[in-house]
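One structure is given below, encoded as structure tokens.
Protein chains: 2
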Amino acid sequence: MKAEIVSIGTEILLGEILDTNAQYIAARLPALGIDLYFMHQVGDNRARLAGVLRQAWDRADLIICTGGLGPTEDDVTREAICDVIGEEPAVDPEQERILRAFFAGRGYAMPERNLKQAWLTPSTRAIPNPRGTAPGWWVEKEGRIIIAMPGPPTEMQRMWDKEVEPQLRGRSSNAVIVSRTVKTAGIGEGTVDEMISPLLHSENPTIGVYSRADGIHVRVTAKARTEAEAQALIAPVEERLREILGNAIWGYDADEMHDAVGALLAERGLTIATMESCTGGLLASTLTDTPGASRYVRGGIVSYATEVKIRFGVSAETIARFGVISGETALEMAEAARRALSADIGVGITGVAGPDSQEGKPVGTVHIAVAGPGDAPPTTTSYTLGQGREAIKRRAVTTALLLVRRAVLAADARATGRAG
Amino acid sequence: MKAEIVSIGTEILLGEILDTNAQYIAARLPALGIDLYFMHQVGDNRARLAGVLRQAWDRADLIICTGGLGPTEDDVTREAICDVIGEEPAVDPEQERILRAFFAGRGYAMPERNLKQAWLTPSTRAIPNPRGTAPGWWVEKEGRIIIAMPGPPTEMQRMWDKEVEPQLRGRSSNAVIVSRTVKTAGIGEGTVDEMISPLLHSENPTIGVYSRADGIHVRVTAKARTEAEAQALIAPVEERLREILGNAIWGYDADEMHDAVGALLAERGLTIATMESCTGGLLASTLTDTPGASRYVRGGIVSYATEVKIRFGVSAETIARFGVISGETALEMAEAARRALSADIGVGITGVAGPDSQEGKPVGTVHIAVAGPGDAPPTTTSYTLGQGREAIKRRAVTTALLLVRRAVLAADARATGRAG
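From first to last, the protein sequence lines are chains A and B.
Note that our numbering has the first sequence beginning at 1, numbered continuously upward.
Note that our numbering has the second sequence beginning at 421, numbered continuously upward.
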């Protein structure tokens, strides 16, 4: 099955809106066995939109549209589809009832111009949209499908996930493509490549190794007649990767490092506290992005001013001797955070986010230290890298999370050693 | 001048990459008087890409491509352009010299397959790319222009800003469209509408009022023969807006609230400290996103655990009496932050980021308090709003910044009153 995506809205062509809908849909098509050859963005112009749709109608089996389903004259997606399929729209009584109920539920009378949102055509059925007034359109005619969804991402995503994707599943006779990403940390790209080299020649699934900010990712991609068959091709390879890479693996697919570290802490009943300078609280904020973070996050200190570091337990002498931007200060910050907030693990981050260098140390210099858990020796790192304040902060946070993970696993290993 | 944008890369069609290049370019065309009618994304496929380019060639004056300029066989942008313009590419000695020097400068020998990056055709000139190995292509033939730029955004953006946009300026005989956005806070959309109603009927420039997370934006859009003429149409309207809206205006165009608040603090020599619960440090981190934030950010405390709040100065009795999620606790947090970090202004944020309610208070409940500057009465707010942990956090940070701004301006007004 061949598809094209058409995103509709003059605000996209003016660069006021980033078209994230197209990517959202595109990312979900391979697992459905649907080949995407073109994506287009077009303005709120009936003739130009109909032109794009007509061309897609001639070369694709499936056209997926987003946007242009609002109630105003500018919203011309329904009209343009009618131009292409040669049908007249008419108000559908059931859709009118749903629409009026939507407004009544919010205590408003329905403006009459909204009535066009209740239109259907003979080849069209409505796709429910509980998050907004515009139902989608599912057009099926002459062996082709046109799907039109509303533009607001929260409405579109729900409609895709709940109403569209389940209906498309199994409609394509193409091979489906399924990927599984195994995320590792603590070993370099070359080493991962070497460790898994016996698997790299596999043709189905194929295996790729990618270097990312949060470590090395191994991606296993299988092609098969059905999703289940593709999964069955991936499973034994994933199992082998788990044997080879062991606890270098911290997550899969969309897992994020802070969630993985949070799970690690929660499982062990460990708590964490931070003292941050150049990251300004971003590490604490990122840790608390995980639901349930209150089980293990005690809190943190943003010690932006040097006196604040000293007030919360960093030795003035260490700062005087090694500088604020130093591994020694980072370590004292980690210990101070742990002490002041009574946590099992303390993390200290100090560095130069720029734009100016500091203490003669270049922009991008970052020192990170982890104190604990227990009587473990500290885990530290430092590097100079990065362009731009926000990028430097983000990288420092990811590196700190990796370091916390390493400290926890090292403590596990010591405990096992002692027990053994 | 009519334009189309073509973004090239199979990874875009697989949803692995979000096409931000197209938006970057689209946003810059109106001020050049260039009308954009279509944007397309197409994979690394020579025939399909040539098809898209040929169609654009037939209906547009300007085709702007990004991607597909790498050295591999998959990179087919040059080949597809040659298919459309009917020319043969050949290695250009000067481009070859630049390319070999680029590799030599990094201590590598140039792989021979990179040589295609030195290709040109009779109608093509190279666009310099100091950030990468692929120069751009500027093709000019039969009254049309094709511009091809590399896909990596840092390379593309530099090339657009320094090499392409200056060359395109003045090439279009269309009217140029220039916008100016005036950002306000502290007054509602209806009130702004009323205040500026005498201006709303203006036809050139037009004026629009938009509600955004960081306040009400007023957008002035002028159409004229040149950018200078458009600016001249905007200037008197902007002046009137300044007279009417006064210090409700906190910024213009791309200005961000945290930068504006930072400037306000720096101008007055005021310092700020935070105590954050549900936002987990995001306010402190956002404040420190502004270069030079160390002039006014003392630091902050992330008091995620209740004991941490008490340890750093919040009264246990207040918490017991009103709950952690209360205006009273927020205010004590603000005062504690100010005290513990010796700052002029303290900000306290406590709330329920979810997914579960807390103390019987619903997800999205947030209390924010600002203590100071000086002996000012506290500034506080609370609301229940938002879906999703990260959205709740972001909204709380924006609201806190607005509140700090209000507290500083109120102190200014009191000082003026006293002086007067």
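Glycine included, every Cβ here is placed at the ideal spot set by N, Cα and C.
As a beta-bridge residue in DSSP terms, Ser179 (chain A) pairs with A:Thr221. With fewer than three CB-CB distances shorter than 8 Å, the segment 49 to 66 of chain A does not count as touching the segment 95 to 108 of chain A.
Taking 9 Å as the cut-off between beta carbons, the residues of the segment 290 to 304 of chain A near chain B are Thr290, Pro291, Gly292, Ala293, Ser294, Val297, Arg298, Gly299, Gly300, Ile301, Val302, Ser303, Tyr304, in sequence order. At least 8 Å separates the CB of His367 (chain A) from every CB of chain B.
At the C-beta level, Asp673 (chain B) and Arg389 (chain A) stay beyond 8 Å of one another. Contact annotation: Gly552 (chain B) and Ile567 (chain B) have beta-carbon atoms that are not nearer than 8 Å.
At least one beta carbon of chain A lies nearer than 8 Å to the beta carbon of Ala447 (chain B). Using a CB distance below 9 Å, the part of the segment 266 to 290 of chain A facing chain B consists of Thr271, Ala273, Thr274, Glu276, Ser277, Cys278, Thr279, Gly280, Gly281, Leu282, Leu283, Ala284, Ser285, Thr286, Leu287, Thr288, Asp289, Thr290, ordered along the chain. Residue contact with chain B for Arg389 (chain A): present (Cβ-Cβ distance below 8 Å to some residue of chain B). Ala316 (chain A) is a Cβ neighbour of Ile310 (chain A), given a cutoff of 8 Å. Contact note: Thr181 (chain A) does not reach chain B at a C-beta cutoff of 8 Å; the least C-beta distance is about 11 Å. Assignment of Ser617 (chain B) by DSSP, reduced to helix, strand and coil, places it in the helix class. Taking 3 residues as the shortest admissible run, the segment 437 to 525 of chain B contains the following complete beta strand (DSSP E) segments, listed from N- to C-terminal end: 455 to 462, 482 to 486. Close to Gln443 (chain B), with beta-carbon spacing below 9 Å, are these residues of chain A in chain order: Ile12, Gly15, Glu16, Ile17, Leu18, Asp19. Setting aside the 5 residues that flank it on each side, Ala224 (chain A) is surrounded in the same chain by Ala175, Val176, Ala230, Leu233, each with a C-beta closer than 7 Å to its C-beta; the list follows chain order.
Put simply, of B:Ile505, B:Gly606, B:Asn624 the residue whose alpha carbon is nearest the alpha carbon of Arg600 (chain B) is B:Asn624.
Taking 8 Å as the cut-off, the beta carbon of Ile368 (chain A) is found closer than this to the beta carbon of Ile349 (chain A). Under the three-state reduction of DSSP output, Gly190 (chain A) falls in the helix class. The three-state secondary structure of Val817 (chain B), taken from DSSP, is helix. When 7 Å is used as the limit between beta carbons, Val728 (chain B) is near these residues of chain A: Arg298, Gly299, Leu341, in chain order. Taking one beta carbon from each stretch, the segment 34 to 42 of chain A and the segment 104 to 115 of chain A have fewer than 3 pairs nearer than 8 Å; the two do not touch.
The beta carbon of Gln157 (chain A) does not come within 8 Å of any beta carbon belonging to chain B, so the residue lies off that interface.
Taking 8 Å as the upper bound on Cβ-Cβ separation, chain A lies near residues Arg448, Leu449, Pro450, Leu456, Tyr457, Phe458, Met459, His460, Gln461 of the segment 448 to 461 of chain B. Lys813 (chain B) counts as buried, since at least 16 other C-beta atoms from the protein chains shown sit within 10 angstroms of its C-beta. DSSP, reduced to helix, strand and coil, places Val744 (chain B) outside both helices and strands of the structure shown, so it counts as coil.
When the beta-carbon positions are compared, Val218 (chain A) and Ile207 (chain A) come within less than 8 Å of each other.
In its chain, beyond the 5 residues on either side, Gly327, Ala330, Thr365, Val366, His367, Ile368 have a beta carbon closer than 8 Å to the beta carbon of Ser382 (chain A). Put simply, the CB of Pro775 (chain B) is near chain A, with a gap under 8 Å to one of its CB atoms.
For Gly563 (chain B), the three-state secondary structure derived from DSSP is coil. What Gly463 (chain B) touches in chain A, judged by beta-carbon distance under 9 Å, is Leu36, Tyr37, Phe38, going in chain order.
The Cβ of Arg338 (chain A) sits no closer than 8 Å to any Cβ of chain B. Distance check between His678 (chain B) and each of B:Ala713, B:Gly666, B:Gly689 places B:Ala713 closest, using alpha-carbon atoms only. Residue contact with chain A for Arg526 (chain B): absent (no Cβ-Cβ distance below 8 Å to any residue of chain A). Ala789 (chain B): member of the beta strand (DSSP E) spanning 785 to 791, first to last residue. Gln778 (chain B) is bridged by DSSP to B:Lys781. Scanning A:Ser277, A:Ala263, A:Val209 for the CA closest to the CA of Val182 (chain A) turns up A:Val209.
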